[in-house]
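Asks:
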Amino acid sequence: MQTVTADIILFAFKRADHLQRTLASLASNAEASASSLTIYCDGARGSEDEAGVAAVREAAAKATGFREVRTVSRDANMGLAGSVVAGVGEALERSDRVIVVEDDLQVAPHFLRYMNDALDEYAEEERVASIHGWRFPTRRALPDTFFIRGADCWGWATWRRAWPLYEPDGSKLLAQLEERRLTRAFDLDGSYPFTAMLRDQIAGRNNSWAVRWHAACFLADRLTLHPGRSLVHNIGNDGSGTHSLKQNRYDTALFEGILPVGGIAIEESDVGRHAMAESLRSSPLRRAARWLRRKARR
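In the numbering used here, the protein residues as written are 15 to 312.
This is the structure:
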């Protein structure tokens, strides 16, 4: 199906071992050799980060298996939010689409095929804002792909046409959610505290770009395509990351097959939404959300 192989951007900070695993999993995809990869390496926050940052930059410089590899090493620490927002914007100045990965994500052997197929399939569908690669833990049977309103952040892709939806001012987003009485729907009918996370971002208790991207897409009634089987595994839930705690509740087995894309209605899936709400309602994930609200300050 592919007519274009999208550029990949990868964000890294100070975990060289995680970055190497992410790079190896991406390079194992057949499409990697036709893909341009840009690795954004954030700067140290202080002397305690310098060794880890240096190791990450060394690992990035050795990356192979792609059509080309660029590294962008930041002089100062931008934080994850600043790095992602700037990097996605820069990538979409060069190309009309981009695949976004962070340094704690292991991807499946056909992750890039799925992403590129979906980016092609929905390139002209204005209501579709992004493509997502991770599937939340669930025992429910789900279709190969389905849409959920809003956006997500663990292995995703978007287009130049959709990224301008991103609103950096969380207070504007919250005001719209409250004015339109959408906070409960935004929270998946009370299943997950997205509104509280947005309030915490406004108050400076976290700096989440992802909750602002999700809120902006949700308010615009845009959809994200989700896979029925997970093509992403988060290897950062070992407690080593700035924004992660040791938490295996997020673990999902990587699907090693090919997911067909297309042939579904461009509307939110009731089955998918209910399954996500059920998964996020579980107590371990709610505890993780509370932890993230306290700790996501990078």
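Just so it is clear, CB atoms sit at the ideal spot from N, CA and C, and this is done for glycine as well.
This one's a predicted model, so the numbers in the text were calculated from it and none came from an experiment.
In whole angstroms, what separates the C-alpha of Ala-77 from that of Ala-48?
Replies: 14 angstroms
Asks: What three-state label does DSSP hand Trp-148 in the structure shown?
Replies: Under the three-state reduction of DSSP, Trp-148 is assigned to coil, being neither helix nor strand.
Asks: In the region 171 to 210, which residue ranges form an unbroken alpha helix (DSSP H) of at least 4 residues, counting only runs that do not cross its ends?
Replies: Restricted to the region 171 to 210, the alpha helix (DSSP H) segments that are unbroken, complete and at least 4 residues in length are 184 to 193, 197 to 200, listed in chain order.
Asks: Could you pull the start and end residues of the alpha helix (DSSP H) that Thr-159 belongs to?
Replies: Segment 159 to 163 is the beta strand (DSSP E) holding Thr-159; no alpha helix (DSSP H) there.
Asks: From Val-275 to Phe-150, what distance separates their C-alpha atoms?
Replies: 19 angstroms
Asks: Nearest by alpha-carbon distance to Gln-215: which of Lys-186, Phe-232, Arg-236 is it?
Replies: Lys-186
Asks: Just how far apart, CA to CA, sit Ala-229 and Gly-204?
Replies: Going by the C-alpha atoms only, they are around 15 angstroms apart.
Asks: How many angstroms separate the CA atom of Leu-239 from the CA atom of Ala-165?
Replies: 9 angstroms
Asks: Strictly under 7 angstroms for the Cβ-Cβ distance: is Leu-188 near chain B by that measure?
Replies: No chain B is present in this structure, which holds just one protein chain.
Asks: Under a Cβ-count criterion, where at least 16 other Cβ atoms within 10 Å of its own Cβ denotes burial, should Asp-265 be classed as buried or exposed?
Replies: Burial check for Asp-265: the Cβ neighbour count within 10 Å stays below 16, so the residue is exposed.
Asks: Just tell me which of Ile-145, Glu-72, Leu-156 has its CA closest to the CA of Trp-170.
Replies: Ile-145
Asks: For Phe-319, report the span of its alpha helix (DSSP H) as first-last.
Replies: Residue 319 falls outside the range modelled here, since the chain spans only 15 to 312, and no answer is possible.
Asks: Can the beta-carbon of Gly-66 be found less than 7 angstroms from the beta-carbon of Asn-91?
Replies: no
Asks: What number of angstroms, rounded off, separates the C-alpha of Arg-35 from the C-alpha of Leu-51?
Replies: 15 angstroms
Asks: For Ala-291 versus Leu-202, is the C-beta spacing smaller than 7 angstroms?
Replies: yes
Asks: Could you check where the beta strand (DSSP E) with Ser-87 kicks off and where it finishes?
Replies: 82 to 87
Asks: At 3 residues or longer, what runs of the beta strand (DSSP E) sit wholly inside the region 47 to 103?
Replies: Counting only runs of 3 or more, we get 50 to 55, 82 to 87.
Asks: Kindly list the residues whose CB is nearer than 8 angstroms to the CB of Arg-307, restricted to its own chain and excluding five residues on each side of it in sequence; keep chain order.
Replies: For Arg-307, the predicted model reports a pLDDT of 47, less than 50, meaning its position is unreliable; a value from the coordinates is still stated below. For Arg-307, where only same-chain residues beyond five positions count, the Cβ hits under 8 angstroms are Pro-207, Ala-210, Met-211, Asp-214, Arg-219, Asn-220.
Asks: For Ser-283, tell me which candidate among Glu-62, Leu-294, Phe-160, Trp-173 has the shortest Cα-Cα distance.
Replies: When each option's Cα is compared against that of Ser-283, the closest is Phe-160.
Asks: Helix, strand or coil for Phe-25? Go by DSSP, reduced to three states.
Replies: strand
Asks: Could you pull out every residue in the same chain whose Cβ sits closer than 6 angstroms to the Cβ of Val-246, ignoring the five residues on either side in sequence?
Replies: Leu-119, Val-121, Gly-147, Trp-148, Trp-168, Gly-169
Asks: Leaving out the 5 sequence neighbours to the left and right, which residues in its chain are closer than 6 angstroms to Phe-27 when beta-carbon positions are compared?
Replies: Asp-56
Asks: Arg-111 and Leu-126 - do their beta-carbons sit closer together than 7 angstroms?
Replies: no
Asks: Rank Trp-227, Leu-273, Leu-33 by C-alpha distance to the C-alpha of His-124 and give the top, closest one.
Replies: Leu-273
Asks: Between which two residues does the alpha helix (DSSP H) containing Asn-130 stretch?
Replies: 125 to 135
Asks: Quick one: does the C-beta of Ser-47 sit closer than 6 angstroms to a heavy atom of the ligand COA?
Replies: Looking for the ligand COA in the displayed structure turns up nothing, as the structure carries no ligands at all.
Asks: Does the distance from the CB of Ser-97 to the CB of Tyr-54 come in under 7 angstroms?
Replies: Yes, the pair counts as a contact, with Cβ atoms nearer than the cut-off.
Asks: Excluding five sequence neighbours on each side, which residues of the same chain lie with their C-beta closer than 8 angstroms to the C-beta of Asp-235?
Replies: Once the five neighbours on either side are set aside, the close Cβ partners of Asp-235 are Arg-141, Arg-163.
Asks: By alpha-carbon positions, which one of Thr-197, Ala-75, Ile-280 ends up nearest to Leu-24?
Replies: Ala-75
Asks: Ignore the nearest five residues each way along the sequence and tell me which others in Arg-295's own chain have a CB closer than 7 angstroms to its CB.
Replies: Ser-205
Asks: Within 10 Å of its beta-carbon, does Gly-286 have 16 or more other beta-carbons around it, so buried, or fewer, so exposed?
Replies: buried
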